[in-house]
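Undergrad: For the sequence shown, counting from 1, position 86 maps to 86 in the numbering used here; every step adds exactly one. Take this structure, written in structure tokens, and hold onto it; I'll ask about it next.
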Amino acid sequence: MIFHTLNEHTTEMELSGYLASIFKGRNIGLLSEAGVPCVADPGAKIVELAHMHQIRIIPLVGPSSIILALMASGFNGQNFAFIGYLPAKKRRE
């Protein structure tokens, strides 16, 4: 197993190297020591980079579908707004 540290000091060059295992046909995982990976967490940087390389992201655990979607998005988890779910049924006007 290979482990990499990802924090606010991780450089773009290091991040690119973290994806090397994927390009060799292996799977990788992202763990957070506290909280949820990629939500107010530097893990969002590697997810964003993976999206740029069209690498599939699969969030495995999370407290809600909204957080799962945010984890897999690659967006900045420091600032987001949940406006509500799309309606399940059409509204009558």
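Glycine is no exception: its CB is placed at the ideal position from the N, C-alpha and C atoms.
I'd like the span of the alpha helix (DSSP H) that includes L70, first residue to last.
TA: S65 to S73
Undergrad: If you measure between the beta carbons of N76 and A50, is that distance less than 8 Å?
TA: For N76 and A50, no; Cβs fall outside 8 Å.
Undergrad: Helix, strand or coil for K89 per DSSP?
TA: coil
Undergrad: Please state the DSSP three-state secondary structure of L49.
TA: If DSSP states are grouped into helix, strand and coil, L49 belongs with the helices.
Undergrad: So the candidates are N27, I2, I46 and F23; which of them puts its Cα closest to the Cα of E8?
TA: I46
Undergrad: To the nearest angstrom, how far is it from the Cα of I58 to the Cα of E12?
TA: 22 Å
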